[in-house]
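J.: Got a structure for you, written out below as C-alpha cells; questions coming shortly.
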Amino acid sequence: MNQLSDRINNLATSATLAMAAKARELRAEGKDIIGLSLGEPDFNTPDFIKDAAIEAINQNYNSYTPVDGYVELKEAIINKFKRDNNLSYTLPQVVVSTGAKQSLANIASVMLNTGDEVILPCPYWVSYSDIVKLSDGVPVEVQTSIENDFKMTAEQLEAAITPKTKMIWYSSPCNPSGSVYSKAELRALADVLQKYPNIYVVSDEIYEHINFVGGHFSMAEFDDMYDRTITVNGVSKAFAMTGWRIGYIGAPDWIARACNKMQGQITSGANCIAQRAVITALEAEPSSIKYMVDEFKERRKLILGLLNDIEGFKTNEPEGAFYVFPNISAYFGKTIKGKTINNASDFSLFLLEEALVATVTGEAFGNPDCIRISYAASQDNIIEAVSRIKAALS
Ligand code: PMP
Ligand code: GLU
C-alpha cells in the first residue's frame, strides 16, 4: 500500500533531471547518447574561483554558516546588485540559499496560502509549477506565442489576473525559450500591476550574464515595483558552478526575513566553502566570464543554422540562456520508423531512442508543441546531435 503523503504522490519528477538520469542510464548500458537535456554549462568552474575555495578549506571554514549567508558574501551580493542591476539592497534584504532552486522554494512557502494563484507565462522553467504546488499554490499558465518571442503581453497578464492571484513568476533571459524581456515590455506588465497592488513578482535572473543582445533589465529597477519584486539570482549558470549550489535573493525585508526563518528550519545556511568561493566569483568583473558567453553565442549560431535545415522545426532566435525551443508540432500524427508521434513527449523519446540524443519535452515547461534543446555542449557534439536528429527524421 502506498503510505506516502498526497503531497509527494502528486509531485511530478523534475523532467530535466529525469531525462539526464535516463541518458546516464543508457550510457551505462553502452549507448552513445549525446546529452542536450540538462541546462548545465560544460565548462569547468574558473580557476580563480576554485582557488578561493581551496583557500577557504585551508583557512578552516568548516563550521555552520549564518542561515542567510556570510555577511561578506551578502555584501558582495549587494555590490553585485548595485554594479550590474542598479538595485540597492541592505543586508536584511539578502538571503543566500542552496541554489536558486531553494530560493524559489523558500519564496513559495513563505508567500503562498492554499489556493493562491501564481501566474506562469509559458514556457516557464520546469520546476516553477511543482514548487508552487508543493506550497498548495495553484499555477496559472499563460500561453504565449512564438511570434511574440514567447513573451507574455500586458493584455495576457491582465486577462489571467483573478482575485486569487498572488504572484507572477518568470525568468529573463528565459529558460527554456531564451527570450529577454526589454525594459519597455516589463514596464507594460508593471503598468497592469499598478491596478493590483497585492500581486508580487518573482524575477528569476539566473541567466542574466548569458545575454547575447545586452540590455538586461530587472523588474525591481522600477521604483513602483521595488517593494513587491523578489529578484532571484545564482552562480550556477554564469560561473559554471551548478554543483556548488549557491543561489540568492534580493527582496523586501519582510519577505527576506521569512525566507531566513524558513531556511533555518529546513537546511540551515548554505555550504561554507561554496559561499567563500562565491564571494570571489561575484567580486570579479562580469568580463572574467565573457569567454563562456562568447562561446555560447557561437553555439547558438551553429545550432540555429543546423536546425533551420530540418523540415518541421520552427525556432525563434533566443536572446540569452543556452537553449533553443523549437516548435515541432508539424510531426504530430506522423509515424516514423514504426513509432507514432502524437506529442512533444513522444518526439523527445523518439529522438532519444532513434537518434540517441537527449532533449526535454516542452510539456514540462507548459508548452506541449515544443522541445527544449540545450546547447551547453561542445560544437562537435552539437553538429553530431543535429545530424543524427536529421537522419532519424528523414
Ligand atoms: N531558475 C532557472 C530559470 C533555472 O534554469 C535554474 C537551473 N537550475 C534554476 C533557477 C535553479 O538554479 P540553481 O538551483 O542551480 O541555482
Ligand atoms: N536548470 C537546469 C535545467 O533546466 C538544471 C536542471 C534542474 O535543476 O532542473 O536543465
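Numbering (the working numbering), first residue to last: 2 to 395.
We treat Cβ as the ideally placed atom computed from N, Cα and C, and that holds for glycine.
In this text, all values refer to a predicted model and were calculated from it rather than measured experimentally.
#1: Where DSSP assigns a beta bridge to Lys315, which residues make up the other side?
#2: What residues in its chain sit with their C-beta under 8 Å from that of Asn11, if we drop five residues either side in the sequence?
#3: Where DSSP assigns a beta bridge to Gly120, which residues make up the other side?
#4: For the structure I just gave you, are there three or more beta carbon pairs, one from the stretch 237-250 and one from the stretch 89-106, closer than 8 Å?
#5: I'd like to know if the stretch 383-394 and the stretch 291-311 are in contact, where contact means that at least 3 CB-CB pairs between them fall below 8 Å.
#6: Give, in chain order, every unbroken run of the beta strand (DSSP E) that is at least 3 residues long and sits entirely within the stretch 201-271.
#7: Which residues in the same chain as Asp228 place their Cβ atom closer than 6 Å to its Cβ, once the five residues preceding and following it in sequence are excluded?
#8: Between Glu126 and ligand 1, is the CB less than 7 Å from at least one heavy atom?
#9: Quick one: any contact between the stretch 104-124 and the stretch 170-178, if contact means 3 or more CB pairs under 8 Å?
#10: On the DSSP bridge list, what partners appear for Lys335?
#11: Can you say whether Ser128 is buried or exposed, counting buried as having 16 or more other CB atoms within 10 angstroms of its CB?
#12: Take the Cβ of Ile9 as the centre, count every other Cβ of all protein chains shown within 10 Å, and call the residue buried at 16 or more, exposed below.
#13: Nearest by alpha-carbon distance to Tyr197: which of Asp225, Gly179, Tyr182 is it?
#14: Does the structure place the stretch 48-56 close enough to the stretch 293-306 that three or more beta carbon pairs sit under 8 Å?
#15: Report whether the distance from the Cβ of Leu12 to the nearest heavy atom of ligand 2 is below 7 Å.
#16: Leaving out five residues before and five after Asn86 in sequence, what residues of the same chain have Cβ atoms less than 6 Å from its Cβ?
#17: Less than 7 Å separating the Cβ of Ser204 from some heavy atom of ligand 2?
#18: Report back the beta-carbon spacing between Asn176 and Trp245 to the nearest angstrom; my notes put them in contact at under 8 Å.
#19: Tell me Gly306's beta-bridge partners as DSSP assigns them.
#20: Only counting the same chain, and skipping five residues up and downstream in sequence, which positions put a Cβ closer than 6 Å to that of Ser237?
#21: Pull up the distance between the alpha-carbon of Gly363 and that of Lys152, whole angstroms please.
#22: According to DSSP, what are the bridge partners of Ala359?
#23: I think Ala345 touches Pro369, with their Cβ atoms under 8 Å apart; what is that distance to the nearest whole Å?
T.: On the basis of the data shown:
#1: Indexing the sequence shown from 1 puts residue 315 at position 314. Residue pairing by DSSP puts Lys315 in a beta bridge opposite Asn328.
#2: Residue numbering aside, residue 11 sits at position 10 when the sequence shown is read from its first letter. Taken in chain order, the residues that qualify are Lys134.
#3: Sequence index remark: in the sequence shown, residue 120 carries index 119 (1-based). For the sequence presented, residue 120 should be read as Ile rather than Gly. Ile120 is bridged to Val141, Ile169.
#4: Short answer: they touch.
#5: Because the criterion of three Cβ pairs below 8 Å is met, the stretch 383-394 and the stretch 291-311 touch.
#6: You should have 201-205, 230-235, 248-251.
#7: If you number the sequence shown from 1, residue 228 lands on position 227. Correct list, in chain order: Pro253.
#8: To locate residue 126, count along the sequence shown from 1; it is residue 125. First, the residue type needs correcting, since residue 126 is Trp and not Glu in the sequence shown. Trp126 Cβ: within cutoff of ligand 1.
#9: Contact holds: three or more Cβ-Cβ distances are below 8 Å.
#10: Stepping through the sequence shown from its first residue, residue 335 is reached at position 334. When DSSP reads this structure, Lys335 sits in a beta bridge with Ile342.
#11: Sequence index remark: in the sequence shown, residue 128 carries index 127 (1-based). With 16 or more Cβ atoms within 10 Å of its Cβ, Ser128 is classed as buried.
#12: As a position in the sequence shown, residue 9 is number 8, starting the count at 1. So Ile9 counts as exposed.
#13: If you number the sequence shown from 1, residue 197 lands on position 196. In terms of CA proximity to Tyr197, Asp225 leads the group Asp225, Gly179, Tyr182.
#14: Touching, no.
#15: By one-based count along the sequence shown, residue 12 stands at place 11. No.
#16: Here residue 86 refers to the residue found at position 85 of the sequence shown. Contacts found: Ser219.
#17: Counting from one through the sequence shown, the residue named residue 204 turns up at place 203. Incorrect: Ser204 has no Cβ contact closer than 7 Å to ligand 2.
#18: Against the sequence shown, residue 176 aligns to sequence position 175. Against the sequence shown, residue 245 aligns to sequence position 244. The Cβ separation is near 19 Å, so there is no contact.
#19: Within the sequence shown, numbered from 1, the residue matching residue 306 stands at position 305. In the DSSP assignment, Gly306 forms no beta bridge with any residue.
#20: Your numbering for residue 237 matches position 236 in the sequence shown. So the qualifying residues of the chain are Thr243.
#21: For this step, residue 363 is matched to residue 362 along the sequence shown. For this step, residue 152 is matched to residue 151 along the sequence shown. Using only the alpha carbons, I get a separation of about 16 Å.
#22: In the sequence shown, counting from the first residue as 1, residue 359 sits at position 358. As computed with DSSP, Ala359 is found in a beta bridge with Gly36.
#23: One-based indexing of the sequence shown puts residue 345 at position 344. One-based indexing of the sequence shown puts residue 369 at position 368. Yes, they are in contact, since the Cβ atoms of Ala345 and Pro369 sit about 5 Å apart, within 8 Å.
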